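As structure tokens, the structure follows; a few thoughts come after it.
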Amino acid sequence: MLKLACFIRINKSAKCACCSGLEPVSISLFLDIGVSMLAELFSRIAKEYSFERARAFTNSPFGNFVRHDVAIEAKKHVLMSPHELTVKASVGQGAWASVPWLAFFDPLVTDSATKGFYVVVLINPQNQTFTLSLNQGTTEVFEEFKTARGLKVLARRARDMADRLPEYAEKFSEAPIDLGSDDRLPAGYVAGHAFGRTYQADSVSEVEFSADLNLMLKAYATLVERGGTTPTDVMQEEAGSESIEETRKYVLSRRIERSPKVRKGVLKAKPPICECCGLNPKNDFGFQGAVEEYPLDVHHAAPLFGLAEGETRRYRIPQDFLVLCPTCHRMMHKQKDVSDLKALKAKLRFKIARIDTFSSF
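Numbering follows the working numbering, in which position 320 of the sequence shown is assigned residue number 335; successive positions increment by one, without gaps.
As structure tokens, then:
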């Protein structure tokens with residue numbers, strides 16, 4: 016216990032009786048013991064936001080504090096996460112938002128609070144509370160279904176998310192949340208809330224909040240692995256399998272392949288040529304354009320089929336991927352071993368005959 020107290024006091028720039036001669040240590044020590052300063056920072060936002068909101072938005076030091084300082088602290092908390100996460104904090108775009116927030120995004124699902132699903136801390140300045148929530152992007156839903164119907168769609172999907180994560184939902188609360196605002200976006204956050212926990216400013220310990228956040232991020236990763244908000248029958252049809260486990264792994268692998276970040280990274284690191292049949296869009300079709308726009312697919316060749324749920328799903332770019340034309344990609348997925356390029360090449364019954372005039376492109 017002395018060691019834990021020492022770490023916490025040092026990171027708060029206070030001298031410790033047992034090591035007062037040492038220089039302040041890195042925040043990474045918090046990562047080692049799973050504790051951060053986030054609860055303290057969220058408490059400050061909840062208490063001070065109403066006052067700051069009455070002041071000018073442009074160049075607000077408080078706004079910069081939320082967007083920059085709080086976001087950096089949150090990034091430190093997930094630095095050692097086995098899954099890649101991006102963090103963003105917001106107090107509004109051009110004007111103060113009714114409900115400031117900080118969110119954790121899995122790039123395989125979303126990079127924005129407007130779409131997909133994610134973990135978010137929603138702050139209620141009226142009640143001086145903040146809520147840790149598994150939630151959804153509201154803007155995309157409102158654009159498709161309008162507000163009234165969109166709220167119902169969000170609520171239904173929230174129910175589906177909780178049902179897909181029963182072992183996590185039971186450790187949090189599924190009760191409706193109060194954000195202190197009836198504005199359109201906060202109403203969407205309320206409807207899109209699957210489960211979470213609300214804290215009163217200054218009455219929650221860092222240890223308690225950090226433990227809850229870590230558990231919620233595990234729930235998030237599990238939801239990604241289980242197919243997110245996609246209905247089971249849709250996933251099974253796409254995977255061509257009735258096995259829930261194999262279907263989920265197939266869908267996750269495809270989600271990795273379709274990630275814009277993954278695709279761009281692989282196509283920049285590898286020649287834009289099908290690694291099976293040799294199709295070269297530039298030479299064979301005279302295609303000209305940015306590499307990421309090439310009519311080629313990125314195939315996740317490192318199989319997930321031996322990966323147990325909850326294990327790391329990190330991938331290496333470009334080592335774990337193949338560049339394939341759409342036809343070869345579909346044939347690869349019809350193989351028992353979706354990583355066996357040699358077997359796929361052995362099945363080829365054609366060769367591409369190139370016209371010399373295309374070589375000038």
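For every residue, glycine included, the Cβ atom is placed at its ideal position computed from N, Cα and C. Keep in mind that this is a model prediction, so the values were computed, not measured.
Simplified DSSP state of residue i, which is helix, strand or coil
| i | result |
| --- | --- |
| S374 | Reliability of the predicted coordinates at S374 is poor, the pLDDT of 43 falling under 50, and the value obtained from them is presented with this limitation in mind. Residue state, collapsed to three classes: helix. |
| F45 | Because F45 carries a pLDDT of 32, less than 50, the predicted location of this residue cannot be relied on, and the following value inherits that uncertainty. Reduced to three states, the DSSP call for F45 is helix. |
| D175 | helix |
| L147 | strand |
| F187 | coil |
| D299 | helix |
| G211 | strand |
| D312 | strand |
| F224 | helix |
| L267 | helix |
| V281 | helix |
| N142 | coil |
| L137 | strand |
Sub-9 Å separation of residue i and residue j beta-carbons
| i | j | result |
| --- | --- | --- |
| T125 | D193 | no |
| A216 | R59 | yes |
| S148 | A209 | yes |
| K233 | Y183 | yes |
| T154 | G78 | no |
| F66 | V106 | no |
| R270 | V313 | no |
| K103 | A128 | yes |
| S258 | L200 | no |
Cutoff 7 Å; reference residue i; Cβ partners in own chain excluding five residues on either side
| i | result |
| --- | --- |
| Y64 | P115, I138, P140 |
| G243 | V124, F132 |
| K279 | E307 |
| F224 | L53, A54, Y214 |
| P122 | E99, T101, S274, K276 |
Contacts around residue i, its chain only, beta-carbon distance under 8 Å, and the 5 residues preceding and following it disregarded
| i | result |
| --- | --- |
| Q15 | Because the chain spans 16 through 376 in this model, residue 15 falls outside it and cannot be assessed. |
| F119 | A89, V93, L100, T101, V102, Y133, V134, V135, L232, Y235 |
| V338 | V281, L282, K285, P286, P287, I288, C289, E290, L311, D312, V313, H314 |
| E185 | none |
Nearest-angstrom beta carbon gap, residue j and residue i [assumed within contact, 8 Å]
| i | j | result |
| --- | --- | --- |
| V134 | M52 | Not confirmed; about 18 Å, so no contact. |
| L356 | C292 | The Cβ separation is near 11 Å, so there is no contact. |
Nonlocal neighbours in the same chain, by C-beta distance under 6 Å from residue i, ignoring five residues either side
| i | result |
| --- | --- |
| A361 | none |
| S43 | The pLDDT assigned to S43 is 32, lower than 50, so where the model puts this residue is not dependable; a value taken from the coordinates is nonetheless given after this. Nothing listed; no residue qualifies. |
| N142 | G195 |
| P296 | F302, Y309, P310 |
| P333 | V281, A284, K285 |
| V219 | A54 |
Tell me the start and end of each unbroken alpha helix (DSSP H) in the region 42-121 that is at least 4 residues and wholly inside, in chain order.
-> 43-48, 53-68, 76-79, 86-92
Segments of 3+ residues assigned as beta strand (DSSP E) that fall wholly inside the region 330-371 | 336-339
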